[in-house]
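J.: Numbering (my numbering), first residue to last: 345 to 432.
For every residue, glycine included, the Cβ atom is placed at its ideal position computed from N, Cα and C.
1) Residue 389 by DSSP, collapsed to three states: which one?
2) What does the alpha-carbon distance come out to for the pair residue 398 and residue 390?
3) How about residue 405 and residue 432: are their beta carbons less than 7 Å apart?
4) Can you pull the DSSP bridge partners for residue 402?
5) Work out the CA separation of residue 430 and residue 403 for me, nearest whole Å.
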């Protein structure tokens with residue numbers, strides 16, 4: 345079961361992706377990831393493939409290092425405005 349929570353601040357949207365599996369009557373956490381930055385961020389689409397991999401695409405806008413972080417991966421900003429991303 346994939347659960348997605350969104351919370352927003354003045355300029356940013358932060359998403360938390362939680363994947364839980366059912367084993368009998370118990371639910372176990374398989375993984376948790378978050379994504380978000382310091383300015384406007386938007387996930388425009390997401391999909392799950394046949395192997396259960398989650399793909400999210402969208403854009404962010406910012407010029408600070410660490411503007412958008414996907415787990416241990418950090419995007420690098422530039423001064424050209426919106427930057428697209430595709431995360432698996």
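T.: Walking through what the data contain:
1) strand
2) 7 Å
3) no
4) 387, 429
5) 9 Å
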